[in-house]
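Have a look at the structure below, then the notes.
Number of protein chains: 2
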Amino acid sequence: VTGGLCWINGRLGGTLDPRDRGLTLGDGVFDTLVAFNRVPFAADLHLQRLRDQAHSIGIEVDTAAVQEGWHAVLRESSAARLILRTTVTRGPSGRALRPDSAAQPTLIVAGATWDPRVLGAPAKLATSAITRNPGSPSSRIKSLGYLDHVLAAREAAARGADDALMLTPSGAVACTTIANVFAISDGRLVTPPLSDAAQPGIMRHLVLQAAEPAGLSAEERRLEPADLLAADQLFLTNSVRFLCPCVWLDGTLLPQRGQDRMKPLLAAICGQVVEQCGTDPRLREAA
Amino acid sequence: VTGGLCWINGRLGGTLDPRDRGLTLGDGVFDTLVAFNRVPFAADLHLQRLRDQAHSIGIEVDTAAVQEGWHAVLRESSAARLILRTTVTRGPSGRALRPDSAAQPTLIVAGATWDPRVLGAPAKLATSAITRNPGSPSSRIKSLGYLDHVLAAREAAARGADDALMLTPSGAVACTTIANVFAISDGRLVTPPLSDAAQPGIMRHLVLQAAEPAGLSAEERRLEPADLLAADQLFLTNSVRFLCPCVWLDGTLLPQRGQDRMKPLLAAICGQVVEQCGTDPRLREAA
Chain F
330 VTGGLCWING RLGGTLDPRD RGLTLGDGVF DTLVAFNRVP FAADLHLQRL RDQAHSIGIE
390 VDTAAVQEGW HAVLRESSAA RLILRTTVTR GPSGRALRPD SAAQPTLIVA GATWDPRVLG
450 APAKLATSAI TRNPGSPSSR IKSLGYLDHV LAAREAAARG ADDALMLTPS GAVACTTIAN
510 VFAISDGRLV TPPLSDAAQP GIMRHLVLQA AEPAGLSAEE RRLEPADLLA ADQLFLTNSV
570 RFLCPCVWLD GTLLPQRGQD RMKPLLAAIC GQVVEQCGTD PRLREAA
Chain G
330 VTGGLCWING RLGGTLDPRD RGLTLGDGVF DTLVAFNRVP FAADLHLQRL RDQAHSIGIE
390 VDTAAVQEGW HAVLRESSAA RLILRTTVTR GPSGRALRPD SAAQPTLIVA GATWDPRVLG
450 APAKLATSAI TRNPGSPSSR IKSLGYLDHV LAAREAAARG ADDALMLTPS GAVACTTIAN
510 VFAISDGRLV TPPLSDAAQP GIMRHLVLQA AEPAGLSAEE RRLEPADLLA ADQLFLTNSV
570 RFLCPCVWLD GTLLPQRGQD RMKPLLAAIC GQVVEQCGTD PRLREAA
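These protein sequence lines map, in sequence, to chains F and G. Residues are numbered in the working numbering as their position in the first sequence, beginning at 1, plus a constant of 329. Residues are numbered in the working numbering as their position in the second sequence, beginning at 1, plus a constant of 329.
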């Protein structure tokens, strides 16, 4: 269908048992990263999060096997810059919610070409009526149950937006369907805490780390939609798109007064890519 | 793994494309029913709900193909009483949340032997701290994202219970991980409304229909845990277990004062099975 490469449990081109609990129950977690020059960026952070999140739901991940999957896909691909999606499920089992003790995890790595035009692409947001639930453990991890996000993204597209802003039932900003949300105001960088059902993004983590050296005081704090409208600059982060200015929210054009404050954050993270992978992701052509 | 039969897109024993959105995004719905004497019980209601729920997320289901899958599994199975789980996904696609327009739905039917001992089995419940979100469309349908329920079921087992009672963030009773909740008090039958994130169970529907002829006034109304403790009788419903008395809630033994009021409800539904399938599910051996 996509022509992308896929590796399952040690084999390129494998298929999935339809009784896999990843399909039948959404019983698993995933991770997405980009490999530049065939080197996965921020690999350690991604591996650690994947292992920790899987462990939190009782699945033990063999991180050496994950790396083996990444490298099998990278070796096979003709693209020098590749999105790697890693999926870990509890494996096939009978129909009970409680897994068979014999269930063996399924490990999948899928590759797709990374398009450099997504880096920093400006985004329009529409606020969704679909909420993210802080009382749901699956909303605190990158679990497989993304249907609410699929529906919110569809609704946003119908309203002329690129992505949906998702709130909690109490009206706090959580994140978008695919990204974390940051607001810059008066030299302060603010993003919602994980307790407001924000996704624990790796790019979010890197941006928070880069703030102080870039002269911004960083804070995890509850944000409401009005705070977003009042900010000097709103931007989104994820591991594929890096930092993307948000230009429009529910029909309101947003000020772009903090572009100069975003630039050192993006530069710091691109510097880490250069260090780890030997190429700058801002280059339109692969090195 | 389970020895169960599985039919995918017209073929017994097929495998799944690992890029299927059912796996990668939980982008699909499912249904579970029991076939007695190789005849699916309440087939029309199950087909209609599956088609309506899939349609609500933009997937069109070919109900003739679903029936073909059921019958393929029923023909192949040696068991006269079979649980049929039907799964419909949006099919394989690339990695965007918005589906490829070319995506073709995947249809899976899996069979597993029905054990008559589950019918009416008494249940102990432990209230979960994991909540169900009424602001989530995926909580209003039988979507594939069941990880919260998997975790709640695990937590309940650790506390000596058979199942977890799930509330909404505002403290209303929603349902359990696998069943709807009913309370009988003074000739009134009460179950939470769908707007309190209750699953739209087919057995729930049949029980509500059977109430009036059985001399009970039925009502969909908000319930809180205290209402459950105060009821004459608490019971659970699902399409596999029918009506199960609830005997224990968070360490408190529950009164079983409404057993005689449950019996005509169960009898009415078993009568429908006899009518449609020619056998009584209360018989320990298949007819």
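For each residue, glycine too, the CB sits at the ideal point set by N, CA and C. Being a predicted model, the structure only gives us computed values, none of them experimental.
Proximity of residue i and residue j at Cβ, strictly below 8 Å
i        : j        : result
F/THR418 : F/ASP477 : no
F/ASN462 : F/ILE507 : no
F/ASP492 : F/ALA501 : no
G/THR416 : F/THR416 : no
F/THR608 : F/ASN366 : yes
G/ARG410 : G/ALA615 : yes
G/CYS278 : G/LEU582 : Because chain G is modelled from 330 through 616, residue 278 of chain G falls outside the range shown and cannot be assessed.
G/GLY351 : F/TYR475 : no
G/LEU341 : G/ASP360 : no
F/ILE412 : F/VAL569 : yes
F/ARG517 : F/GLU548 : yes
F/LEU454 : F/TRP577 : yes
F/ILE388 : F/PRO451 : no
F/VAL536 : F/PHE370 : no
G/THR456 : G/ASP556 : no
F/ILE386 : G/LEU480 : yes
G/ARG533 : G/ASN509 : yes
Rounded Cβ spacing between residue i and residue j (contact assumed at less than 8 Å)
i        : j        : result
G/PHE511 : G/THR497 : Not a contact, Cβ separation roughly 17 Å.
F/VAL402 : F/TRP336 : 5 Å
F/ARG404 : F/ALA439 : No, F/ARG404 and F/ALA439 are not in contact; Cβ-Cβ is about 15 Å, not under 8 Å.
G/MET495 : G/ALA503 : 5 Å
G/GLN344 : F/PRO347 : Per the sequence shown, the amino acid found at residue 344 of chain G is Thr instead of Gln. Going by Cβ atoms, the distance from G/THR344 to F/PRO347 rounds to 7 Å, so yes, they are a contact pair.
G/LEU595 : G/LEU565 : Not confirmed; about 12 Å, so no contact.
F/VAL368 : F/GLN605 : 6 Å
G/ARG469 : G/LEU523 : 6 Å
F/GLY530 : F/ALA441 : Going by Cβ atoms, the distance from F/GLY530 to F/ALA441 rounds to 19 Å, so no, they are not a contact pair.
F/ALA432 : F/GLY420 : 4 Å
Burial state of residue i (16 or more Cβ within 10 Å)
i        : result
G/PRO542 : exposed
G/HIS375 : buried
F/LYS471 : buried
G/SER422 : buried
G/ARG590 : buried
G/GLN528 : buried
G/ALA539 : buried
G/LEU612 : exposed
G/ALA383 : buried
G/ASP525 : buried
G/GLN588 : exposed
G/SER465 : buried
G/GLN562 : buried
F/ALA490 : buried
F/GLY600 : exposed
G/GLY398 : buried
F/SER467 : buried
Beta strand (DSSP E) segment containing residue i, residue limits
i        : result
G/ASP556 : First-last for G/ASP556: 554-559, but that is the alpha helix (DSSP H), not the beta strand (DSSP E).
F/ALA439 : 435-442
F/GLN546 : Gln is not the amino acid found at residue 546 of chain F; the sequence shown has Ser there. Element bounds for F/SER546: 546-549.
G/VAL479 : Per DSSP, G/VAL479 belongs to no beta strand (DSSP E); it is in the alpha helix (DSSP H), 476-487.
F/GLN585 : Neither: F/GLN585 is in no beta strand (DSSP E) and is coded neither H nor E.
G/PRO521 : Taken as a continuous stretch (DSSP letters only), G/PRO521 belongs to no beta strand (DSSP E), as it is neither H nor E.
G/THR361 : 357-365
G/ASN567 : 562-567
G/SER514 : 509-514
F/ARG469 : Note, F/ARG469: premise wrong, no beta strand (DSSP E); not H, not E.
Residue range of the unbroken alpha helix (DSSP H) whose run includes residue i
i        : result
G/SER385 : 372-385
G/GLN605 : 588-606
F/GLY342 : Taken as a continuous stretch (DSSP letters only), F/GLY342 belongs to no alpha helix (DSSP H), as it is neither H nor E.
G/ILE531 : 531-540
G/THR392 : 392-405
F/ARG350 : 350-353
Cutoff 8 Å: residue i Cβ touching any chain A Cβ
i        : result
G/THR442 : Checking the listed chains, one finds no chain A in this structure; the protein chains it contains are F and G.
In chain order, what residues of the region 448-480 of chain F put their CB closer than 9 Å to some CB of chain G? Correct list: ALA458, ILE459, THR460, ARG461, ASN462, PRO463, GLY464, SER465, PRO466, SER467, SER468, ILE470, SER472, LEU473, GLY474, TYR475, LEU476, ASP477, HIS478, VAL479 and LEU480.
If the cut-off is 7 Å on Cβ atoms, which residues from the region 494-525 of chain G count as contacting chain F, listed in chain order? Listed by position, the residues of the region 494-525 of chain G near chain F (Cβ gap below 7 Å) are PRO498, THR506 and ILE507.
Contacting positions in the region 392-418 of chain G - beta carbon closer than 9 Å to chain F: For the region 392-418 of chain G, the beta-carbon criterion of a distance under 9 Å to any beta-carbon of chain F is satisfied by ILE412, ARG414, THR416 and THR418.
Please identify, using Cβ separations under 9 Å, the residues of the region 344-356 of chain G that lie next to chain F, in order along the chain. Going along the region 344-356 of chain G in chain order, one finds THR344, LEU345, ASP346, PRO347, ARG348, ASP349, ARG350, GLY351, LEU352, THR353, LEU354, GLY355 and ASP356 with a Cβ nearer than 9 Å to chain F.
Which residues of the region 539-569 of chain G have a Cβ closer than 8 Å to any Cβ of chain F? Give them in chain order. Cβ contacts with chain F come from no residue of the region 539-569 of chain G.
Report the residues of the region 583-611 of chain F with a CB closer than 8 Å to any CB of chain G, ordered along the chain. Those would be none; no residue qualifies.
Anything in the region 418-432 of chain G with a Cβ closer than 9 Å to a Cβ of chain F? List those residues in chain order, please. The region 418-432 of chain G vs chain F, Cβ under 9 Å: THR418, ARG419, GLY420, PRO421, SER422, GLY423, ARG424, ALA425, LEU426, ARG427, PRO428, ASP429, ALA431 and ALA432.
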